[in-house]
Amino acid sequence: MQTYSRSLIFSGAFFLLVSCNTAPAPTPTNSLNVMSFNIRFNNPNDGENAWPHRKALVANTIQFHRADLVGVQEALKEQLDDLSALLPEFAWLGVGRDDGKEQGEYSAILYRKDRFEVLQQITFWLSEEPEQPGSVGWDAAITRVVTWAKFQDKRDAKVFFLFNTHFDHVGQRAREESAKLLLRQIQNVAGSEPVIVTGDFNATASNLVYEILVGDAVEQDSLTPAHGLINARDISMLPHYGPDWTFHDFGRATERPGIDYIFVNHRLNVLRHGIIADPAGGPYTSDHLPVLAEVVIQKK
Numbered sequence: 027m028q029t030y031s032r033s034l035i036f037s038g039a040f041f042l043l044v045s046c047n048t049a050p051a052p053t054p055t056n057s058l059n060v061m062s063f064n065i066r067f068n069n070p071n072d073g074e075n076a077w078p079h080r081k082a083l084v085a086n087t088i089q090f091h092r093a094d095l096v097g098v099q100e101a102l103k104e105q106l107d108d109l110s111a112l113l114p115e116f117a118w119l120g121v122g123r124d125d126g127k128e129q130g131e132y133s134a135i136l137y138r139k140d141r142f143e144v145l146q147q148i149t150f151w152l153s154e155e156p157e158q159p160g161s162v163g164w165d166a167a168i169t170r171v172v173t174w175a176k177f178q179d180k181r182d183a184k185v186f187f188l189f190n191t192h193f194d195h196v197g198q199r200a201r202e203e204s205a206k207l208l209l210r211q212i213q214n215v216a217g218s219e220p221v222i223v224t225g226d227f228n229a230t231a232s233n234l235v236y237e238i239l240v241g242d243a244v245e246q247d248s249l250t251p252a253h254g255l256i257n258a259r260d261i262s263m264l265p266h267y268g269p270d271w272t273f274h275d276f277g278r279a280t281e282r283p284g285i286d287y288i289f290v291n292h293r294l295n296v297l298r299h300g301i302i303a304d305p306a307g308g309p310y311t312s313d314h315l316p317v318l319a320e321v322v323i324q325k326k
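First residue of the sequence shown? That's 27 in the working numbering, and the numbers climb one at a time after it.
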């Protein structure tokens, strides 16, 4: 019988990895533990995998891995209320995608309220009308959004931006245009400031969407930014830990793609990166695995 928690497996493997090699420098006290987590919307049809059976597991995963910032996808208002009760040390920000208020899924950001001050927060829609609540873009099946916030770390007064999103699961053009829009917004809003991006992008690393995000796509489109993001995994000081995939459909998927990522810009270093696996056979925190990265903002 499986008795080990997913959290112990993940952290224990990190311990063994580090202890078997030359001990690295101590983790900086100002590092940020960032998580991207598609928590699966509250769907009663999920049976034993429905939200009431998973919410404590989700909260435990966030707590055990000492996440400081969590970009969640598919969260409904009642799920965010549940997480607020289970994680009183966190606050959250964002709006429902359907009306810009409380209706529909959120791409919300959870943050430790004793550590971070929110200087600014905005949600925009992934469409030709990004300021129009509920708008659907291009060939997307449903409404999609990006929620971003400008934070100041109370420990060292450093300012950074976090963007969180969930790209469409159907429309390839919508995903490509969403990637371009996201990069333009990052350029316009954050400029050269430190940027972290979390999300479920519904695109593997071989997809043009990913290539646009990391700046590898050769585009003639004048609206495509010249500089892309960096997959945190690619510059992690410690080797990536965990599986390469993130979506598993509560263990049912035979093909398991990696579609959830944490990206950074050139202003951040990455100490470690991992995908937190559930025990084989469950219980499952979600139909996606969370992604974790520990990052440090560089000095100017």
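Note that the Cβ used here is the ideal one computed from N, Cα and C, for glycine as well. All values reported here derive from a predicted model rather than from experimental measurement.
DSSP beta-bridge partners of residue i
i	result
residue 263	Paired residues: none, contrary to the question.
residue 318	61 and 300
residue 192	226
residue 149	173
residue 295	322
residue 310	Residue 310 pairs with nothing; no bridge assigned.
residue 135	97 and 119
residue 290	222 and 256
residue 185	178
residue 144	177
Option nearest residue i by Cα separation, candidates the options
i	options	result
residue 151	104, 177, 204 and 143	204
residue 228	260, 193 and 206	193
residue 171	185, 273, 66 and 153	153
residue 273	212, 83, 64 and 54	64
residue 300	187, 239, 326 and 259	259
residue 122	134, 116, 112 and 114	134
residue 175	74, 117 and 325	117
residue 225	95, 69 and 73	95
residue 320	261, 314 and 214	261
residue 147	129, 132 and 188	188
residue 191	216, 214, 161 and 149	149
residue 97	83, 111, 120 and 78	120
residue 314	84, 79 and 74	84
residue 62	75, 68 and 101	101
residue 155	107, 207, 79 and 145	207
Cutoff 8 Å; reference residue i; Cβ partners in own chain excluding five residues on either side
i	result
residue 180	140, 141, 142 and 143
residue 230	236, 283, 284 and 285
residue 115	138, 139 and 140
residue 277	304, 306, 307, 308 and 310
residue 55	181
residue 240	254, 255, 256, 257 and 289
Residue i versus residue j: straight-line alpha-carbon distance, rounded
i	j	result
residue 308	residue 210	40 Å
residue 99	residue 89	18 Å
residue 197	residue 280	22 Å
residue 59	residue 287	14 Å
residue 157	residue 291	25 Å
residue 125	residue 173	14 Å
residue 201	residue 169	12 Å
residue 316	residue 103	20 Å
residue 81	residue 109	7 Å
residue 318	residue 93	8 Å
residue 302	residue 312	11 Å
residue 325	residue 77	41 Å
residue 233	residue 159	28 Å
residue 246	residue 111	In this predicted model, residue 246 has a pLDDT of only 47, less than 50, meaning its place in the structure is not dependable; the value taken from the coordinates is given anyway. If I take the Cα positions, the gap works out to 49 Å.
Contact set for residue i: own chain, Cβ-Cβ below 6 Å, skip 5 residues either direction
i	result
residue 263	297
residue 199	164 and 165
residue 31	At residue 31 the pLDDT is 44, less than 50, meaning the model places this residue with poor confidence; the figure from the coordinates comes in the next sentence. None.
residue 195	228
residue 216	187
residue 128	103 and 122
residue 66	100, 312 and 313
Proximity test, Cβ basis, 8 Å: residue i and chain C
i	result
residue 172	The structure shown contains no chain C; it holds only a single protein chain.
Own chain partners of residue i with C-beta closer than 7 Å, once the 5 adjacent residues on each side are dropped
i	result
residue 323	184, 186, 220, 293 and 294
residue 47	Here residue 47 scores only 49 on pLDDT, less than 50, and its place in the model should not be relied on; the value that follows carries that caveat. Excluding positions up to five away in sequence, the list is empty.
residue 162	153, 168 and 169
residue 275	313
request  = Kindly confirm or deny that the region 76-92 and the region 167-181 touch, where touching means at least three C-beta pairs closer than 8 Å.
outcome  = no
request  = Evaluate the contact criterion for the region 214-224 versus the region 261-280: three or more CB pairs, one atom per stretch, below 8 Å.
outcome  = no
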